[in-house]
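*Asks:* Attaching a single structure in structure tokens format; questions to follow.
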Amino acid sequence: MMMEHRRILVLYASQTGNAQDVAERIGREALRRHYHPVVLSLSSYEPHWLPNENMVIFVTSTTGQGDPPDAFKSFWKFMLQRSLTNKWLEGVQYGLFGLGDSGYQKYNVVAKKLDRRLLDLGAKFIVLKGLGDDQHPLGYEAALDPWLDSLWLALGEHIPFPSGFSDVETENACLNQLDPPKYRIIYYPNETSRLYGASADFHINLRDIWDEHEKARTMVESASGPLPVSLVCGSESYGHVRHQPIFSRVLCNVRLTEEDHEQDVRHIEFDLRGSGVQYSPGDVIGMMPIQNAKTVEDFLKRCDLDPDVFVSVESTGMVFPSSGGNNVNIGEMSPVRIRSFVESVMDVDSASPRRYLFEVMSHFAKAEHEKERLQYFSSPEGRDDLYRYNQRERRTLLEILQDFPSVQLPLEWLLQLAPRLQPRYFSISSSLKLHPNEAHITVAVVSWITPYKRKKTGLCSSWLSRLQPKQDVIPIWMTRGTFKHPPASVPLILVGPGTGCAPFHAFVEERVAIAATEPVAPVLFFFGCRKQAKDYLYKEFWLSCTKEDGIMSDKMGGGFVVAFSRDQPHKIYVQHKILEEREKIWNLLSSGGSVFVAGSANKMPEDVASAFKDVILREKKCSEVSAASFMKQFERLGRYNVEVWS
Amino acid sequence: MAQEPAVLLITDSVALPGSVVLWVLQEFQDKVANGNSLGLVTQAYDLGGNLNLKPSSLDAVISLAETAGFHTTELLSRIAEALRPGGLLIVKEPVGRTPSLCPNRYADLQVAAAVQTEADLQRNLLLAGFIGLIIAEPLKEAASPGAFSTRNSHSSLSTPLPEPISENIKESSSFAALSQQFNSDITLIKAQKPVWETGAVFEIKKPVILRDEDVRTNVPSTISYYEESSTEKLLFALKENGAANLALPNLSIDTDDLVDEDALLAEEDLERPELQLAVDDCEVGNSGRKACKNCTCGRAELEENGKLTSEQLNNPQSACGNCGLGDAFRCNSCPYRGLPQFKLGEKITLPGSLLMVDA
């Protein structure tokens, strides 16, 4: 085909959608420059087609622990095969952009490894790899914009413009034209709400609402592109996945921290009777947060949407030819009310949208000053101000629309540009052995003040804090976490400051139950909090395990060590305590012990890892390098596990 | 005398000039000594490709054809079989420039022979298993008609051509006429049979893989093994021939046979950027961001200026005109930052979510 040489394959591996956003942006800009982009998730691309490609752009992201997104894993396994020669990708040209966070030790390692491997296999890059950094004040876009500039330059050299188009023209065109939208909305004016009348049975209503929400979500997802890996093969779960949740009643909802303490931490218990579900310590509960009813109403009014109109959503397929989504046959999916899309798909008042929203809004602004301001925000010059207004303030879609009242976006654009409502996951802090038919979680309610002095709270955690015990029923599902509780014969070293103690509460409960009938190996637990009197979570439980022959007692070789960071002028954290207990740690490690670290991100995991390395250094009396490789070996053998969340 | 020929001279003409035979004898004198003889086959087209020869018995074969298309793959394979490993072959044949049929000199003999191009001849030689082809081609500006130079199909070496043979060509003026008339050239190729015999087997050794020291028992456990990798060769061959370049999809990937991904990273890859944080961009914490006691970044000043008086709340004015439009239009130092939109002169009501007091 004549235009085949203008084909650019854009492959992305995305966990939270950021890499997908970047990939789609590359696709849009490529289209404007008269290339033929094909944008695909790596999960739907067969790696053995790679040698046939002429030009490939990779977009990858690295999670906190240096792990690749799920979509990347089987692709990567193929790429690592020894049997691939260093000429396998000869003739393939590529560019690579990685998204990462330099706050973590393994900064952007997925992109770096992929870059090396591609070179080893004989491919050639046309631009140096770009590395986006969440830690940068302006986020990854600070690195993305200049990288894109160099990408278009390089592409212009390798794939020259078709005759008749000039470079200058195209650049100008980029600023002025509105791209075709990703979705097409089909309206069903005659459809009436025959199913959704008020029903006396409260539970049927809940299920109906959930079903409708799920339908809306699935419809949008399948119109967006290849089904995300998590939907297709899923993380390991027990049959209860997002699609078939357990409708669980809240049994109790108790504040664990003192009333005058700045942070509100909740202990919430869920009823699992009748569901037949089993879980293990280390597993995780998933749920979709419910958005505030008033904000949803405000949004519907602001956008002039009739919530009870039935629509269906499909992909226009015009945006990225030959990559267009898994178009579900319209006939198979019955239409859904607009309200459901707003409630369950669009995050209207919590997450911040991307710069592209402002660009599109500028095309729909009727007031001149608004149009100018929006264009300014979308330009490179306005990037800093946009950051201050949007990302740093956590400006929500509703707030932005209220700040630009002359803009009226059509529904298909709202769907495309609104941040996707994400499920939230919480470590289960109970053991079925001690609490049959129940699952408990430990939730810190997120709240903060923005630089402009506005108070913000986390959507899911504040919703959970308001749940009424014995009354509210919410849909939840179980899924595997990163931790797997080892057999009872394995000694444990646990590090879990703050809400990081949640999975370990489950571990210890499990062991306590087993200890009634069998011998169990000891547990050494490092806990940390701010003040002994204010946020000492589960104090009685931990202390009870240290008495007598408890699994955390000194007598049995275990221990319980707490670091109170703010009870004295200087800060004491878990890593300091770890170094103090190095002898005990070394004993446990030498008898086959495993280490688990959990908690909020920031510097804790790094500092803890460093502390363990110091322990090895001192106890084994070896070199720095040797200790580092010891740690690496531990990790590889599954004896040093980390799970952090932000 | 039942002596086995060590060198065979084949031609499809009725007779060969003596000078050619003498040259061959001289050239291959070491081979033709010790009781081994030089065999001569004339009118070889009559053989129909049947050479009654023992396999691996000849040191060299010189085959001079005047018929185009004489050296078929079949004939060449027979010759290859008869040659010892490492044996030499010299082939001469008229070739066409374009792969088209042109009348054969011996058309009346009904020897059907499609004229082959030099490339065809080379291919036949390759398919028959010959390597190291050295090709002679007519010089463009020939001092003497029929003068040849050689080129190696893989390098640009030139070796002098045996005189008698080129003379032989020279003398056959009929060839010159033929080549002019029918747009054909004469080519001479020297080839060699590979040093190994067909059917030989040898191993490709792979490097040893070592496992790290076993941490618990302190005993290094090493696993070393050798492997043949035919896939690698196949892939390489495919690429060379420009065939569709597909890696064979590995349906079950052997997890032991993966490159160590951590080894892909060099020291410098583990570095992280030293971020020059923008002057006024501290992490937003729970208590919000206040100016430090000895503020150097200017935040303290900003806060001083930014504090709203009750006067400003009751009767908001805006010099720039943007303050009332909302945060999207306010500048950095606007005192009304964080407040909702308002109309000039109208009292501002603070929403409950706003903290005006320094927390």
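Quick note, the sequences are listed as chains A and B, same order.
Residue numbering for the first sequence is 1 to 646, as defined by our numbering.
Residue numbering for the second sequence is 647 to 1005, as defined by our numbering.
Built from N, CA and C at the ideal position, the CB exists for glycine as well.
Reducing DSSP to helix, strand and coil, say where G17 (chain A) ends up.
*Replies:* Position 17 of the first sequence, counted from the first residue, corresponds to residue 17 (chain A). Residue state, collapsed to three classes: coil.
*Asks:* Using a Cβ cut-off of 9 Å, which residues of the segment 395-413 of chain A contact any Cβ in chain B, in chain order?
*Replies:* Taking 9 Å as the Cβ-Cβ cut-off against chain B, the residues of the segment 395-413 of chain A that qualify are R395, E399, I400, Q402, D403, F404, P405.
*Asks:* Closer than 8 Å, CB to CB, is Y573 (chain A) near chain B or not?
*Replies:* In the first sequence, residue 573 (chain A) corresponds to position 573, counting from 1. Chain B, which has no Cβ nearer than 8 Å to the Cβ of Y573 (chain A), makes this no.
*Asks:* If we ignore side chains and look at the alpha-carbon of each, how far apart do T657 (chain B) and L729 (chain B) end up?
*Replies:* By 1-based counting over the second sequence, the position of residue 657 (chain B) is 11. By 1-based counting over the second sequence, the position of residue 729 (chain B) is 83. So the two alpha carbons sit approximately 17 Å from each other.
*Asks:* Count the other CB atoms, across all protein chains shown, that sit within 10 Å of the CB of G732 (chain B); report buried if there are 16 or more and exposed otherwise.
*Replies:* One-based indexing of the second sequence puts residue 732 (chain B) at position 86. Result: exposed.
*Asks:* Just to confirm my understanding: we take S447 (chain A), look at its own chain, exclude 5 residues before and 5 after, and list those with CB closer than 6 Å. What are they?
*Replies:* Locating residue 447 (chain A) in the first sequence gives position 447, where the first residue counts as 1. Result list for S447 (chain A): T457, in chain order.
*Asks:* Touching or not, the segment 252-259 of chain A and the segment 378-391 of chain A, by the rule of three or more beta carbon pairs under 8 Å?
*Replies:* no
*Asks:* Does chain B have any CB closer than 8 Å to the CB of R454 (chain A)?
*Replies:* Looking up residue 454 (chain A) in the first sequence gives position 454. At least one chain B Cβ lies under 8 Å of R454 (chain A).
*Asks:* Hey, is R730 (chain B) close to the ligand SAM, as in C-beta under 7 Å from one of its heavy atoms?
*Replies:* This structure lacks the ligand SAM, and indeed carries no ligand of any kind.
*Asks:* How would you call G558 (chain A), buried or exposed, if buried means at least 16 neighbouring beta carbons within 10 angstroms?
*Replies:* The count along the first sequence starts at 1 and reaches residue 558 (chain A) at position 558. G558 (chain A) comes out buried.
*Asks:* For L421 (chain A), report the span of its beta strand (DSSP E) as first-last.
*Replies:* By one-based count along the first sequence, residue 421 (chain A) stands at place 421. Run containing L421 (chain A): none; DSSP gives neither H nor E here.
*Asks:* At a Cβ threshold of 8 Å, is A200 (chain A) touching chain B?
*Replies:* Counting from 1 along the first sequence, the entry for residue 200 (chain A) is found at position 200. Residue placement at A200 (chain A) is poorly supported in this model, since its pLDDT is 45, which falls under 50; the coordinates still yield a value, given next. Judged by the 8 Å Cβ criterion, A200 (chain A) is not in contact with chain B.
*Asks:* Against chain A, does P810 (chain B) count as a neighbour if the rule is that its beta carbon must be under 8 Å from one of theirs?
*Replies:* In the second sequence, counting from the first residue as 1, residue 810 (chain B) sits at position 164. The predicted position of P810 (chain B) is uncertain, since its pLDDT is 48 and thus under 50; a value taken from the coordinates is nonetheless stated next. Chain A contact via Cβ: absent.
*Asks:* If A418 (chain A) and Y279 (chain A) are in contact, beta carbons under 8 Å, what's the gap, nearest whole angstrom?
*Replies:* As a working mapping, residue 418 (chain A) is identified with position 418 in the first sequence. As a working mapping, residue 279 (chain A) is identified with position 279 in the first sequence. Contact flag wrong, Cβ pair sits at about 33 Å.
*Asks:* Between D658 (chain B) and chain A, is there a C-beta pair that is closer than 8 Å?
*Replies:* The residue given as residue 658 (chain B) occupies position 12 in the second sequence. No - not a single Cβ of chain A is within 8 Å of the one on D658 (chain B).
*Asks:* Quick one: what does DSSP say D298 (chain A) is sitting in, helix, strand or coil?
*Replies:* Counted from its first residue, the first sequence places residue 298 (chain A) at position 298. The answer is helix: DSSP assigns D298 (chain A) an H, G or I state.
*Asks:* Using a Cβ-Cβ cutoff of less than 6 Å, which residues in the same chain neighbour G282 (chain A) once the five nearest sequence positions on both sides are dropped?
*Replies:* Along the first sequence, one-based indexing puts residue 282 (chain A) at 282. If we look at G282 (chain A) and ignore the five residues flanking it on each side, its Cβ neighbours are G481, F483, K484, H485, P503.
*Asks:* Once DSSP output is grouped into helix, strand and coil, what is the label at D264 (chain A)?
*Replies:* Translated into positions along the first sequence, residue 264 (chain A) becomes position 264. Correct three-state label for D264 (chain A): coil.
*Asks:* Given 8 Å as the limit, is there contact between the segment 366-374 of chain A and the segment 129-147 of chain A, that is, 3 or more CB pairs closer than that?
*Replies:* With the rule of 3 Cβ pairs closer than 8 Å, the segment 366-374 of chain A does not count as touching the segment 129-147 of chain A.
*Asks:* In the DSSP output, which residue or residues are listed as bridge partners for Q838 (chain B)?
*Replies:* Start at 1 with the first residue of the second sequence, and residue 838 (chain B) comes out as number 192. Q838 (chain B) pairs with B:L734, B:I777.
*Asks:* Rounded to whole angstroms, how far is the Cβ of Y425 (chain A) from the Cβ of G599 (chain A), which I believe are closer than 8 Å?
*Replies:* Translated into the one-based positions of the first sequence, residue 425 (chain A) becomes position 425. Translated into the one-based positions of the first sequence, residue 599 (chain A) becomes position 599. That belief does not hold up - the Cβ atoms of Y425 (chain A) and G599 (chain A) are roughly 15 Å apart, past 8 Å.
*Asks:* Mind checking the segment 278-294 of chain A against chain B and listing, in chain order, the residues whose C-beta falls within less than 8 Å of any C-beta there?
*Replies:* Close to chain B, meaning a Cβ-Cβ distance shorter than 8 Å, is no residue of the segment 278-294 of chain A at all.
*Asks:* Anything in chain A within Cβ reach of L911 (chain B), meaning under 9 Å, just list it in chain order.
*Replies:* Within the second sequence, residue 911 (chain B) is the residue found at index 265, counting from 1. Ordered by position in chain A, the residues that pass the 9 Å Cβ test against L911 (chain B) are V109, K112, K113, R116.
*Asks:* Assign W88 (chain A) to one of three DSSP states: helix, strand, or coil.
*Replies:* Counted from its first residue, the first sequence places residue 88 (chain A) at position 88. For W88 (chain A), the three-state secondary structure derived from DSSP is coil.
*Asks:* Nearest to M333 (chain A) by alpha carbon, out of A:K215, A:Q291, A:A71?
*Replies:* Locating residue 333 (chain A) in the first sequence gives position 333, counting from the first residue. Per the Cα distances, A:K215.
*Asks:* Using a C-beta cutoff of 8 Å, does L96 (chain A) count as contacting chain B?
*Replies:* As a working mapping, residue 96 (chain A) is identified with position 96 in the first sequence. No, because no Cβ of chain B sits closer than 8 Å to the Cβ of L96 (chain A).
*Asks:* Would you mind reading off the limits of the beta strand (DSSP E) that contains N253 (chain A)?
*Replies:* As a first step, residue 253 (chain A) is located in the first sequence; it is residue number 253 there, counting from the start. Run containing N253 (chain A): 246-255, per the beta strand (DSSP E) assignment.
*Asks:* Could you confirm whether any beta carbon from chain B is found closer than 8 Å to the beta carbon of L300 (chain A)?
*Replies:* In the first sequence, residue 300 (chain A) corresponds to position 300, counting from 1. It does not: the Cβ of L300 (chain A) has no partner Cβ on chain B nearer than 8 Å.
*Asks:* Does D705 (chain B) get closer than 8 Å to chain A when you measure Cβ to Cβ?
*Replies:* In the second sequence, residue 705 (chain B) corresponds to position 59, counting from 1. No, D705 (chain B) does not count as interfacial toward chain A.
*Asks:* Could you compute how far the alpha carbon of A111 (chain A) sits from the alpha carbon of S83 (chain A)?
*Replies:* Indexing the first sequence from 1 puts residue 111 (chain A) at position 111. Indexing the first sequence from 1 puts residue 83 (chain A) at position 83. Distance between the alpha carbons of A111 (chain A) and S83 (chain A): 22 Å.
*Asks:* Quick one: does R373 (chain A) have its CB under 8 Å from some CB of chain B?
*Replies:* Counting from 1 along the first sequence, the entry for residue 373 (chain A) is found at position 373. R373 (chain A) counts as touching chain B.
*Asks:* Determine, using beta carbons only, whether D133 (chain A) comes closer than 8 Å to chain B.
*Replies:* Translated into the one-based positions of the first sequence, residue 133 (chain A) becomes position 133. Chain B, which has a Cβ nearer than 8 Å to the Cβ of D133 (chain A), makes this yes.
*Asks:* M552 (chain A) to D973 (chain B), Cα distance in whole Å?
*Replies:* For the purposes of this step, residue 552 (chain A) is identified with residue 552 of the first sequence, where counting begins at 1. For the purposes of this step, residue 973 (chain B) is identified with residue 327 of the second sequence, where counting begins at 1. The straight-line gap from Cα to Cα measures roughly 54 Å.
*Asks:* Pull up the distance between the alpha-carbon of V561 (chain A) and that of Q468 (chain A), whole angstroms please.
*Replies:* Here residue 561 (chain A) corresponds to residue number 561 of the first sequence, with the count starting at 1. Here residue 468 (chain A) corresponds to residue number 468 of the first sequence, with the count starting at 1. Near 35 Å, if we compare the C-alpha coordinates of Q468 (chain A) and V561 (chain A).
*Asks:* Within the continuous alpha helix (DSSP H) that includes L686 (chain B), where are the two ends?
*Replies:* Stepping through the second sequence from its first residue, residue 686 (chain B) is reached at position 40. Looking at the DSSP string, L686 (chain B) is not in any alpha helix (DSSP H); the run it does join, the beta strand (DSSP E), is 683-687.
*Asks:* Tell me which same chain residues have a C-beta within less than 8 Å of the C-beta of W152 (chain A), skipping the five on either side of it?
*Replies:* Counted from its first residue, the first sequence places residue 152 (chain A) at position 152. So the qualifying residues of the chain are E29, R33.
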